[in-house]
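**Student:** The following block contains the structure, expressed as structure tokens.
Numbering (our numbering), first residue to last: 1 to 211.
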């Protein structure tokens, strides 16, 4: 596998010529996830007011449905777009591709991933983080193989991440300076950072997928 610096440099060369398209994908995803998070925040605020218990229940149900049926498959769409970008064949419509040909797989597999990570985290934080990295490549695997079974997807992710968990962590932590800059600039830096990190992670998957 390439060294982190070389991988990041290659990622920049890939996404910069298509930056506007990358930004569109990021903003679509951001809008949907922000809607879900906004509903949750509204529900928490409403819960503090008297007589708003029913409103809280309604908001929780709606936010769960948005997360389950839209945010989860869209995660595969975003990862799939950047994966295709590294292969020179990305299109804006990639973000909705899972809704057409991998919807049930995306929803079921990533929902199970979330449940497993939460359960492991409840036991101990470290096992939860370990599992989070073990399952990190699931969205790419689903984007690559829409008809893959639940069992095979988890087994594949575990296999290719064996020996690569720390490498992915080091790649992610190498962007810490960009994250600090984004925070200082009130998230303005995020419009460059998000496509950068997504492309770098997609390249990471490309380099380890055939393990």
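Positions of the beta carbon are idealized from the N, C-alpha and C atoms, including for glycine.
#1: Assuming the contact rule is C-beta atoms closer than 8 Å, residue 82 and residue 202 should be a hit. Round their C-beta distance to whole Å, please.
#2: If residue 21 sits next to residue 92, beta carbons under 8 Å apart, how far is it from one beta carbon to the other, in whole angstroms?
#3: Residue 70 to residue 138, Cα distance in whole Å?
#4: Determine the contact status of residue 178 and residue 168, defining contact as a CB-CB distance below 7 Å.
#5: Run through DSSP, which three-state label would residue 55 get?
#6: From what residue to what residue does the alpha helix (DSSP H) around residue 123 run?
#7: Could you check what DSSP says for residue 148 in three-state terms: helix, strand or coil?
#8: For residue 205, which three-state DSSP category applies?
#9: Using a beta-carbon distance below 7 Å, is residue 147 in contact with chain C?
#10: I'd like to know if the region 146–153 and the region 102–111 are in contact, where contact means that at least 3 CB-CB pairs between them fall below 8 Å.
#11: Determine the contact status of residue 197 and residue 175, defining contact as a CB-CB distance below 7 Å.
**Tutor:** Checking against the coordinates, here is how it stands:
#1: Counting from 1 along the chain shown, the entry for residue 82 is found at position 82. Counting from 1 along the chain shown, the entry for residue 202 is found at position 202. Yes, they are in contact, since the Cβ atoms of residue 82 and residue 202 sit about 4 Å apart, within 8 Å.
#2: Working through the chain shown from its first residue, we reach residue 21 at position 21. Working through the chain shown from its first residue, we reach residue 92 at position 92. With 8 Å as the limit, residue 21 and residue 92 qualify as a contact, their Cβ atoms being about 6 Å apart.
#3: Here the question's residue 70 lines up with position 70 in the chain shown. Here the question's residue 138 lines up with position 138 in the chain shown. Using only the alpha carbons, I get a separation of about 17 Å.
#4: For the purposes of this step, residue 178 is taken as residue 178 along the chain shown, with counting starting at 1. For the purposes of this step, residue 168 is taken as residue 168 along the chain shown, with counting starting at 1. Contact: no.
#5: For this step, residue 55 is matched to residue 55 along the chain shown. Residue 55: helix per DSSP, three-state reduction.
#6: On the chain shown, residue 123 is found 123 positions in, with the first residue counted as 1. Taken as a continuous stretch (DSSP letters only), the alpha helix (DSSP H) holding residue 123 covers 103–123.
#7: Against the chain shown, residue 148 aligns to sequence position 148. The answer is coil: DSSP assigns residue 148 none of H, G, I, E or B.
#8: Residue numbering aside, residue 205 sits at position 205 when the chain shown is read from its first letter. Three-state DSSP puts residue 205 in a helix.
#9: Although the question refers to chain C, the structure presented lacks it and comprises just one protein chain.
#10: yes
#11: Position 197 of the chain shown holds residue 197. Position 175 of the chain shown holds residue 175. Their beta carbons are under 7 Å apart, which means residue 197 touches residue 175 by this criterion.
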